[in-house]
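Protein chains in written order, with this note's numbering: chain E, 1089 to 1262; chain X, 1089 to 1262; chain C, 1089 to 1262. Have a look at the structure below, then the notes.
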């Protein structure tokens, strides 16, 4: 089994200033460790809600750290300093609108304000980037909504082969 | 309770030429008056389906009139002169694709041609802009589909606090 | 009944190199022949997964061949050489996100990896362009998901009037 490198970028003015602890990053790591059998290496970045810092962080995780999967948390809402989505669009060559649609559809089962999340996903070279909201509670429901498609997506972009015994994981027969 | 200023922009060649009466604008006002308890001030604009006029109208409602919420009606379809969505994208700094997804999903329960509507929503500074279709019949179903998220969205962008006794209105506990 | 010209563009490196037969194009033709009563003329293009060739192909079908409806197959996924969606966005003046949302929602009933498809639709002058995935199996479910809106969409952009006895076809009363 190949090693998989996974980047986790938390964008939060308050968490990066030490005002509170980042709980979303560890929640993402725990979720993925439970479902992926490959040896995993996690790279963490914690940055304030600044477009250029998030953009550089994402580029670093993809290009220097060689992360095949980069998951962000925070910065998906309508507020002025919510700019993680913009940074993601800047670094990706292709956007995958189906991820945002699916995550919002699932979140709508819990809260009507799910339509305020602009979260999306996209491809940069051989990396898949996925935005998650900042609230730790939403991490699980959003990752759960899309995890079944992550291994096949990595196959299609030439990233390492993910082994999982999660029965929801789907790869079409060719 | 703070006063809330609300802009209503109707884009329609025929209504602006006096060929028929604008019924959608008043339907929007009636819907919002029923659900918002704050004192409301409405600013109306009725313009032909011209990109630059709609764009200037939206800027005027946000920047000069100080409207916290701007609702458009008309110009969301696939026809050449349907350009309200384009004007909205030009004036907004952030788009909120979840609004269009939700409104189309709800309209699909009534008509399959709901997929032809390109309606969206977005943020310009401290204003939330929402596109509605031109047909008065659709006004109610579309506003009903998203109203629950409008007060919290205004909170997030620093606009006045909306008081409503509509039980669908949702603000997450912080 | 007016003649309707329909373009079918298959983008596939392997099919265009003769490695396998294009089965998706004929599946699209069969689907449309069954549902449209007008006399139909089909124009086929089979091109490799090259952005400029797909773009030129779409322009040719719309502008030179006068196709009112152009359906593509292939090139909608996340892989590097999946560029049909990009070509479609380059040639269209208006995008219709509701088509992609609806087709993904329907495909999700069959496979969770439907969120990986970036397929969309848009308008170029008096032509409606719709992306379908490359797999022949998906052709039917995706066209079925949106066919009810195609005739009215062509009405709105000034294309010929489609006659159909498919009961799902919907035109709102004016």
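All residues carry an ideal CB built from backbone N, CA and C; glycine is no exception. Keep in mind that this is a model prediction, so the values were computed, not measured.
C-beta contact flag for residue i and residue j at 8 Å
{"i": "residue 1205 of chain C", "j": "residue 1162 of chain C", "result": "no"}
{"i": "residue 1178 of chain X", "j": "residue 1145 of chain X", "result": "no"}
{"i": "residue 1201 of chain E", "j": "residue 1240 of chain X", "result": "yes"}
{"i": "residue 1183 of chain C", "j": "residue 1233 of chain C", "result": "no"}
{"i": "residue 1227 of chain C", "j": "residue 1115 of chain C", "result": "yes"}
{"i": "residue 1159 of chain E", "j": "residue 1220 of chain E", "result": "yes"}
{"i": "residue 1174 of chain E", "j": "residue 1189 of chain C", "result": "no"}
{"i": "residue 1242 of chain E", "j": "residue 1216 of chain E", "result": "yes"}
Chain-ordered neighbours of residue i on chain E, where CB pairs are closer than 7 Å
{"i": "residue 1190 of chain X", "result": "1203"}
Nearest residue (CA-CA) to residue i, options the options
{"i": "residue 1152 of chain C", "options": "C:1126, C:1094, C:1169", "result": "C:1094"}
{"i": "residue 1258 of chain E", "options": "C:1203, C:1232, C:1217", "result": "C:1203"}
{"i": "residue 1238 of chain C", "options": "C:1211, C:1261, C:1149", "result": "C:1211"}
{"i": "residue 1169 of chain X", "options": "C:1160, C:1143, C:1126, C:1214", "result": "C:1214"}
{"i": "residue 1117 of chain E", "options": "E:1133, E:1102, E:1108", "result": "E:1133"}
{"i": "residue 1155 of chain X", "options": "X:1108, X:1245, X:1197", "result": "X:1245"}
{"i": "residue 1128 of chain X", "options": "X:1256, X:1231, X:1236, X:1091", "result": "X:1091"}
{"i": "residue 1148 of chain E", "options": "E:1131, E:1196, E:1138, E:1218", "result": "E:1131"}
{"i": "residue 1122 of chain C", "options": "C:1255, C:1194, C:1101, C:1180", "result": "C:1255"}
{"i": "residue 1099 of chain X", "options": "X:1135, X:1196, X:1108, X:1120", "result": "X:1135"}
{"i": "residue 1186 of chain C", "options": "C:1222, C:1247, C:1230", "result": "C:1230"}
{"i": "residue 1222 of chain C", "options": "E:1157, E:1260, E:1176, E:1124", "result": "E:1260"}
{"i": "residue 1119 of chain E", "options": "E:1248, E:1262, E:1236, E:1243", "result": "E:1236"}
{"i": "residue 1143 of chain C", "options": "C:1108, C:1157, C:1180, C:1125", "result": "C:1180"}
{"i": "residue 1262 of chain X", "options": "E:1249, E:1194, E:1225", "result": "E:1225"}
{"i": "residue 1138 of chain C", "options": "C:1167, C:1124, C:1108, C:1249", "result": "C:1167"}
{"i": "residue 1150 of chain X", "options": "X:1218, X:1198, X:1249, X:1193", "result": "X:1218"}
{"i": "residue 1101 of chain C", "options": "C:1141, C:1248, C:1250, C:1126", "result": "C:1141"}
Chain C contact residues for residue i, given Cβ-Cβ distances below 7 Å
{"i": "residue 1155 of chain E", "result": "Ordered by position in chain C, no residue passes the 7 Å Cβ test against residue 1155 of chain E, which lies about 16 Å from the chain."}
Neighbouring residues, chain X, relative to residue i (Cβ below 7 Å)
{"i": "residue 1113 of chain C", "result": "Neighbours of residue 1113 of chain C on chain X: none; closest Cβ ~24 Å, over 7 Å."}
{"i": "residue 1260 of chain C", "result": "1199, 1201"}
Under 8 Å by beta carbon: chain X residues contacting residue i
{"i": "residue 1240 of chain C", "result": "1201, 1204"}
{"i": "residue 1119 of chain C", "result": "In chain order: nothing, as chain X lies at least about 17 Å away."}
{"i": "residue 1256 of chain C", "result": "1200"}
Chain-ordered neighbours of residue i on chain C, where CB pairs are closer than 8 Å
{"i": "residue 1224 of chain X", "result": "Residues of chain C passing the Cβ test: none, with the nearest at roughly 13 Å."}
{"i": "residue 1166 of chain X", "result": "1182, 1184, 1211, 1216, 1241, 1244, 1245"}
Environment of residue i [buried if 16+ CB atoms lie within 10 Å]
{"i": "residue 1106 of chain C", "result": "exposed"}
{"i": "residue 1110 of chain X", "result": "buried"}
{"i": "residue 1113 of chain X", "result": "buried"}
{"i": "residue 1253 of chain E", "result": "exposed"}
{"i": "residue 1176 of chain X", "result": "buried"}
Near the ligand SAH: residue i beta-carbon under 7 Å from a heavy atom
{"i": "residue 1138 of chain X", "result": "Although the ligand SAH was asked about, the structure shown includes no ligands whatsoever."}
At a CB distance below 7 Å, what residues from the stretch 1130-1143 of chain X approach chain E? Give them in sequence order. Cβ contacts with chain E come from no residue of the stretch 1130-1143 of chain X.
Residues of the stretch 1226-1237 of chain E whose Cβ lies closer than 8 Å to any Cβ of chain C, in chain order: For the stretch 1226-1237 of chain E, which is checked against every Cβ of chain C, the residues closer than 8 Å are 1234, 1236, 1237.
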